Structure formats: C-alpha cells, structure tokens
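Visitor: Dropping the structure in here first, questions after.
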Amino acid sequence: MNKFATYVLLFALIVSPVAVQAYEKENGLVIKDGWIRLMPAVATASAAYFTLHNKTDKEMKVVKITTDIAKKASLHDMVMEQDMMSMVAIKELVIPAGETVVFSPGGKHLMLMGLTKKLEKDKDVLVKFYLEKGEVIEVKFRSYKIAPPAS
Ligand SMILES: [Cu+2]
359 MNKFATYVLL
369 FALIVSPVAV
379 QAYEKENGLV
389 IKDGWIRLMP
399 AVATASAAYF
409 TLHNKTDKEM
419 KVVKITTDIA
429 KKASLHDMVM
439 EQDMMSMVAI
449 KELVIPAGET
459 VVFSPGGKHL
469 MLMGLTKKLE
479 KDKDVLVKFY
489 LEKGEVIEVK
499 FRSYKIAPPA
509 S
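So in this note's numbering, the last spot in the sequence shown is 509, and the numbers never skip.
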C-alpha cells in the first residue's frame with residue numbers, strides 16, 4: 359500500500375467512520391452506501407439512497423423506515439408512464455435471499471417529507487430500518503449534494 363492510500367485509509371477510519379459505511383448485524387442484512395441529498399434550506403423534502411444486501415438464505419422484509427430529521431419517510435420507485443417519469447409507492451420492500459436491492463438517484467429512493475431539521479453537510483442522520491420480525495437496524499447516513507462514490 360502506498361503512503362497516500364495509507365493516509366486515505368487512516369483519514370477514513372479516524373475522521374469519518376460513517377461516511378459511507380457497511381452495517382451489519384447477526385440477522386444478515388447489510389445496509390451500505392447510505393446517504394441523503396443535501397437540500398437548500400427552504401426545502402421541505404429530500405431523498406435518501408442506500409444499498410441493501412441480504413446475506414441469509416431467507417427472504418427479508420423491511421416494514422418501516424424512520425429518521426430523526428423528517429416527519430415521514432416513504433419508499434418510492436420511479437416508473438415511466440406515458441413518456442413521463444413518475445413516482446410510485448413501494449408497497450413492500452422485500453430483499454430476496456442472497457440478493458441486493460439498490461436505492462439510487464433516478465430509481466428507488468426513500469422520500470423524506472416534512473423535514474424537521476435542516477440537513478447539514480458532514481452531519482449524520484440516524485435512519486432506522488424496521489424488519490418484519492421486529493428487529494431494528496440503525497444506520498447513520500451522511501448528507502451530500504451529489505452521490506458519493508460507492509464503497
Ligand atoms: Cu419520491
């Protein structure tokens with residue numbers, strides 16, 4: 359490993375342990391690359407993106423997501439309807455066994471409505487994923503204007 363890479367790694371470990379992190383619990387659901395779109399102060403809504411990976415051999419379901427910065431968090435997808443992209447609600451977030459589900463700009467997203475706090479650069483937002491069997495996974499998301507590089 360060269361010197362620069364070492365510095366980058368150290369920086370990542372010490373200064374920003376959660377910028378783009380993988381998170382995992384014994385339940386086998388990995389939530390990574392989570393981030394929130396930094397919006398102008400006047401905005402009342404934003405969107406969050408992340409990747410879910412189910413490491414188990416059983417299907418997993420996320421039944422609810424909450425954050426500490428918005429009154430409401432809803433899962434949306436983008437679909438083409440009569441040559442127009444529009445948002446539709448994702449009724450059920452299922453991650454099949456061994457599969458990965460990606461939420462990214464232009465596609466699936468977590469819509470955050472009724473922002474209760476101003477989004478700030480370099481500040482973490484706590485996002486809670488509620489699983490079907492009652493487990494809750496807490497992940498810290500960071501705010502960015504544009505998508506950060508995936509880990
Ligand atoms: Cu939306």
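Heads up, the beta-carbon is just placed ideally off N, CA and C, and yes, glycines get one too.
Computed from a predicted model, the values in this text were never measured in an experiment.
How big is the Cα-Cα spacing for Asp391 and Gln440?
Guide: Start at 1 with the first residue of the sequence shown, and residue 391 comes out as number 33. Start at 1 with the first residue of the sequence shown, and residue 440 comes out as number 82. Between Asp391 and Gln440, the C-alpha separation is close to 32 angstroms.
Visitor: Quick one, which of Met418, Lys413, Lys419 and Tyr407 has its alpha-carbon nearest Asp435's?
Guide: The count along the sequence shown starts at 1 and reaches residue 435 at position 77. Of the candidates Met418, Lys413, Lys419 and Tyr407, the one whose C-alpha sits nearest the C-alpha of Asp435 is Tyr407.
Visitor: Are there 16 or more other CB atoms within 10 angstroms of the CB of Pro418, so buried, or fewer, so exposed?
Guide: Walking along the sequence shown from the start, residue 418 turns up at place 60. The sequence shown places Met at residue 418, not Pro. Classification of Met418: buried, given that the 10 Å Cβ count is 16 or more.
Visitor: Where do the N-terminal and C-terminal ends of the beta strand (DSSP E) with Ser432 fall, by residue?
Guide: Taking the sequence shown and counting its residues from 1, one reaches residue 432 at position 74. Note, Ser432: beta strand (DSSP E), Ala428 to Glu439.
Visitor: Applying the 10 Å Cβ sphere with the 16-neighbour rule, what's the burial state of Ser512?
Guide: No statement about residue 512 is possible, as the shown extent of the chain runs from 359 to 509 and does not include it.
Visitor: Is Glu496 helix, strand or coil by DSSP?
Guide: Here the question's residue 496 lines up with position 138 in the sequence shown. DSSP places Glu496 in strand when its eight states are reduced to three.
Visitor: Where do the ends of the beta strand (DSSP E) carrying Thr474 lie?
Guide: Numbered from its first residue, the sequence shown carries residue 474 at position 116. Neither: Thr474 is in no beta strand (DSSP E) and is coded neither H nor E.
Visitor: Report, in whole angstroms, the separation of the C-beta atoms of Leu468 and Ile504, which I expect to be a contact under 8 angstroms.
Guide: Start at 1 with the first residue of the sequence shown, and residue 468 comes out as number 110. Start at 1 with the first residue of the sequence shown, and residue 504 comes out as number 146. Rounded, the Cβ-Cβ distance is 17 angstroms, inconsistent with contact.
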